[in-house]
Amino acid sequence: MPSGFKSELTGCFSTPCADNPTVVMIEAACRHAGLDWRYINAEVQPEGLAGAVAGARAMGWRGFNLSMPHKVAVIQHLDGLGESARLIGAVNCVVRRGDKL
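Using our numbering, the letters of the sequence shown map in sequence onto residues -9 to 91.
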């Protein structure tokens, strides 16, 4: 059960983001699992990607998804890549592990 008033944050960086229904599915799954997490659809233009990643890092986001056009461009802003992202050369999901993205 959640304690206190702090929700864990995650979301999606995309453009456009208004028609992305993922927020409904992810938040329903979190509620079902008893997690007090919020999934935020964030409108991020290509020139704002570095700032969005820095913001997610600074705010302690648990991770985030990416849609086009950010899947390749995000690589330069991450601390490392999983094997599949390294092989494909693109990222769909970023996960925080300690202080690393």
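Idealized CB from N, CA, C, for every residue including glycine.
Between the region 70 to 80 and the region 27 to 43 there are fewer than three inter-stretch CB-CB distances shorter than 8 Å, so the stretches are not counted as touching. DSSP places R76 inside the alpha helix (DSSP H), whose first and last residues are E73 to I78. In its chain, beyond the 5 residues on either side, R28 and W51 have a beta carbon closer than 6 Å to the beta carbon of L(-1). Taking 7 Å as the cut-off, the Cβ atoms of F3 and H67 do not count as close. Look at A32 here: in three-state DSSP terms it is strand. T5 sits in coil when the DSSP states are folded into three classes, being neither helix nor strand. R86 sits in coil when the DSSP states are folded into three classes, being neither helix nor strand.
Shown here, G24 sits in coil according to DSSP, grouped into three states, outside any helix or strand.
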